[in-house]
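Number of protein chains: 2
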Amino acid sequence: MPDTETFDLQDFLPYLLNEAADATSLEFQRYYKDRYGMLRTEWRVLFHLGHYGMMTAKQISDSARIHKTKISRAVAALEEKRFVQRERDEVDRRIENLWLSKTGQAAFRDLSAQAAQYDQIFMAKVPEADREALRRCLRVIADIQTPVSRPTPR
Amino acid sequence: MPDTETFDLQDFLPYLLNEAADATSLEFQRYYKDRYGMLRTEWRVLFHLGHYGMMTAKQISDSARIHKTKISRAVAALEEKRFVQRERDEVDRRIENLWLSKTGQAAFRDLSAQAAQYDQIFMAKVPEADREALRRCLRVIADIQTPVSRPTPR
DNA sequence: TGTTGTTAGTTACAAAACCAACTAATACGC
DNA sequence: GCGTATTAGTTGGTTTTGTAACTAACAACA
Numbered sequence: 703m704p705d706t707e708t709f710d711l712q713d714f715l716p717y718l719l720n721e722a723a724d725a726t727s728l729e730f731q732r733y734y735k736d737r738y739g740m741l742r743t744e745w746r747v748l749f750h751l752g753h754y755g756m757m758t759a760k761q762i763s764d765s766a767r768i769h770k771t772k773i774s775r776a777v778a779a780l781e782e783k784r785f786v787q788r789e790r791d792e793v794d795r796r797i798e799n800l801w802l803s804k805t806g807q808a809a810f811r812d813l814s815a816q817a818a819q820y821d822q823i824f825m826a827k828v829p830e831a832d833r834e835a836l837r838r839c840l841r842v843i844a845d846i847q848t849p850v851s852r853p854t855p856r
Numbered sequence: 703m704p705d706t707e708t709f710d711l712q713d714f715l716p717y718l719l720n721e722a723a724d725a726t727s728l729e730f731q732r733y734y735k736d737r738y739g740m741l742r743t744e745w746r747v748l749f750h751l752g753h754y755g756m757m758t759a760k761q762i763s764d765s766a767r768i769h770k771t772k773i774s775r776a777v778a779a780l781e782e783k784r785f786v787q788r789e790r791d792e793v794d795r796r797i798e799n800l801w802l803s804k805t806g807q808a809a810f811r812d813l814s815a816q817a818a819q820y821d822q823i824f825m826a827k828v829p830e831a832d833r834e835a836l837r838r839c840l841r842v843i844a845d846i847q848t849p850v851s852r853p854t855p856r
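Here the protein sequences come in this chain order: A and B.
Following my numbering, the numbering of the first sequence begins with 703 at its first residue and continues without gaps.
Following my numbering, the numbering of the second sequence begins with 703 at its first residue and continues without gaps.
Below, the structure written as structure tokens:
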């Protein structure tokens with residue numbers, strides 16, 4: 703229980719979370735960077751399109767809680783790499799519909815598999831009994847509602 | 703248990719950790735930014751000096767796992783703000799000894815208190831029973847040894 | 001000693017993130 | 001319909017970060 707005078711940085715929740723986040727992200731980040739020249743936001747956008755199917759930039763922005771300028775640039779980069787295709791919506795011409803190309807889908811499958819593997823490596827470090835509790839705690843802290851009212855998968 | 707085809711981003715550990723880290727950092731970050739014009743690295747350096755007393759940039763870099771260039775810039779910024787003072791070591795003239803000024807100490811006390819408060823706010827969200835387990839899990843994942851072999855406090 | 005290697009810390013340049021202002025299209029109220 | 005507000009998405013300029021090369025001081029060992 704952190705106390706003003708005595709508490710250690712190592713007990714401070716934001717610090718622990720940031721360190722843990724960095725630790726778990728590092729190797730995976732290197733993978734998609736080296737392999738596909740992707741940035742973190744690009745991977746997240748790719749993941750959303752791979753997982754949920756066709757979406758607009760706005761929907762991804764809301765779902766992933768990433769600012770629209772970052773989405774915009776990530777989409778441009780992914781298009782440049784031929785992972786993503788887009789087309790302006792016929793009905794509402796402000797909107798652009800985004801989806802993965804074949805190449806993008808292949809990258810998505812590869813990266814998902816990789817992600818699942820890294821996930822297991824890190825989860826293996828925490829005691830079996832604590833695993834579900836850990837995810838639950840993190841969801842509560844991050845204020846993420848359990849996957850329900852989200853864009854329909856596929 | 704994330705599976706290649708079906709797992710949701712919301713189950714993926716790095717994602718959860720990053721979201722949780724962002725959530726817990728945001729308000730506190732705003733506080734030290736608005737109040738003292740500090741960046742995250744500056745707060746961490748300030749914290750180390752406040753908590754452990756006089757240190758060198760290298761020691762902070764090792765302890766906080768922050769690259770030396772970031773430390774260098776943070777120290778320069780903190781010195782500019784009159785929070786930190788430095789003096790070249792008499793014996794080993796490569797080294798600079800760093801310590802907090804009175805103003806720096808006051809900021810440290812304020813920010814520590816604030817940090818402890820934010821910590822409690824977020825910890826309150828997780829069930830009493832899970833709290834110690836959560837910190838333990840995070841330390842394991844971040845590969846942080848429990849505070850033992852560190853620079854002597856004070 | 002003096003040559004080579006290592007360590008502490010800074011600087012410079014490129015990559016990325018942040019924020020604010022912008023365009024183009026739609027919705028809303030009358 | 002017409003003026004105003006709102007929404008989707010992009011662009012530009014400034015901060016921050018990341019990376020590599022640099023300086024200065026010490027260490028090690030022939």
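Each residue gets a CB set at the ideal place from its N, CA and C atoms; glycine is no exception.
By the three-class DSSP mapping on this structure, what secondary structure does residue i have?
i	result
A/Gln761	helix
B/Arg837	helix
A/Leu741	coil
B/Asp845	coil
B/Ala815	helix
B/Ala826	coil
A/Val793	coil
B/Asp710	coil
B/Arg767	coil
A/Gly755	coil
B/Pro716	helix
A/Val850	Low local confidence applies: a pLDDT of 40 at A/Val850 is under 50, so the model's placement there is unreliable, and no value is given.
Can you tell which of the options has the C-alpha that lies nearest to the C-alpha of residue i?
i	options	result
B/Arg784	B/Thr758, B/Thr805, B/Arg838, B/Leu751	B/Thr805
B/Trp801	B/Arg837, B/Glu789, B/Trp745	B/Glu789
B/Leu719	A/Val747, A/Met757, A/Pro716, A/Ala723	A/Ala723
A/Arg796	A/Lys772, A/Leu836, A/Thr758, A/Leu751	A/Thr758
A/Tyr738	A/Ile846, A/Glu782, A/Ala818, A/His750	A/Glu782
A/Lys760	A/Tyr754, A/His769, A/Gly752	A/His769
A/His750	A/Arg767, A/Ile762, A/Leu741, A/Ala778	A/Ile762
B/Leu728	A/Tyr734, A/Tyr717, A/Ser727	A/Tyr717
A/Thr726	A/Ala818, A/Asp845, A/Tyr754	A/Ala818
A/Leu780	A/Asp764, A/Ser803, A/Leu813, A/Asp736	A/Ser803
A/Asp845	B/Tyr754, B/Glu744, B/Asp736, B/Val828	B/Val828
A/Arg746	B/Arg837, B/Asp791, B/Gln847, B/Glu721	B/Glu721
Where does the unbroken alpha helix (DSSP H) through residue i begin, and where does it stop?
i	result
B/Arg790	It is not in any alpha helix (DSSP H) - B/Arg790 instead sits in the beta strand (DSSP E) that spans 786-790.
B/Ile773	770-782
Starting from residue i, trace the beta strand (DSSP E) both ways and give me its first and last residue.
i	result
B/Leu802	798-802
Under a Cβ-count criterion, where at least 16 other Cβ atoms within 10 Å of its own Cβ denotes burial, should residue i be classed as buried or exposed?
i	result
A/Arg811	exposed
A/Ala808	exposed
A/Leu840	buried
A/Ile843	buried
A/Asp821	buried
B/Ile823	exposed
B/Thr771	exposed
B/Thr706	Since pLDDT at B/Thr706 reaches only 49, below the 50 mark, its modelled position is unreliable, and the value read off the structure follows with that caveat. The residue in question, B/Thr706, is exposed, as its Cβ has fewer than 16 Cβ neighbours within 10 Å.
B/Val850	Low per-residue confidence applies at B/Val850: pLDDT is 41, beneath 50, and the placement is therefore not dependable enough to give any value.
B/Val793	exposed
A/Leu715	buried
B/Ser774	exposed
B/Arg732	exposed
A/Glu830	exposed
B/Ala826	exposed
B/Ala815	exposed
B/Glu834	exposed
A/Ala776	buried
A/Pro855	Unreliable positioning characterises A/Pro855 in this predicted model, as indicated by a pLDDT of 41, which lies under 50. A coordinate reading is not provided.
A/Ala766	buried
Give me the chain A residues within the contact set of residue i, using Cβ-Cβ distance strictly less than 7 angstroms, ordered along the chain.
i	result
B/Met825	Leu715
B/Glu744	Going along chain A, no residue has its Cβ under 7 angstroms from B/Glu744, so there is no contact; the nearest lies around 14 angstroms.
B/Ser803	Near B/Ser803 there are no residues of chain A at all, since even the closest Cβ is about 19 angstroms away, more than 7 angstroms.
B/Asp832	Ala835, Cys839
B/Phe810	Within chain A, no residue comes near B/Phe810; the closest Cβ sits about 10 angstroms away, beyond 7 angstroms.
Just to make sure I have the definition right: I need the residues of chain A whose C-beta is within less than 8 angstroms of the C-beta of residue i. Which are they?
i	result
B/Ile797	Result: empty, since nearest Cβ-Cβ is about 23 angstroms, beyond 8 angstroms.
B/Val842	Lys827, Val828
B/Ile753	Correcting the residue type first, residue 753 of chain B is His in the shown sequence and not Ile. Ordered by position in chain A, the residues that pass the 8 angstroms Cβ test against B/His753 are Asp710, Leu711.
B/Ile846	Gln712, Leu718, Glu721
B/Ala725	Ile843, Ala844, Asp845
Taking residue i as the query, report the chain A residues whose CB atoms sit under 9 angstroms from its CB, ordered along the chain.
i	result
B/Leu741	In chain order: nothing, as chain A lies at least about 14 angstroms away.
List, in order along the chain, the chain B residues whose C-beta lies closer than 8 angstroms to that of residue i?
i	result
A/Arg837	Asp713, Leu715, Leu718
Given that residue i touches chain B, what residues does it touch there, using C-beta distances under 7 angstroms?
i	result
A/Phe730	Pro716
A/Ala776	Neighbours of A/Ala776 on chain B: none; closest Cβ ~15 angstroms, over 7 angstroms.
A/Phe749	Leu711
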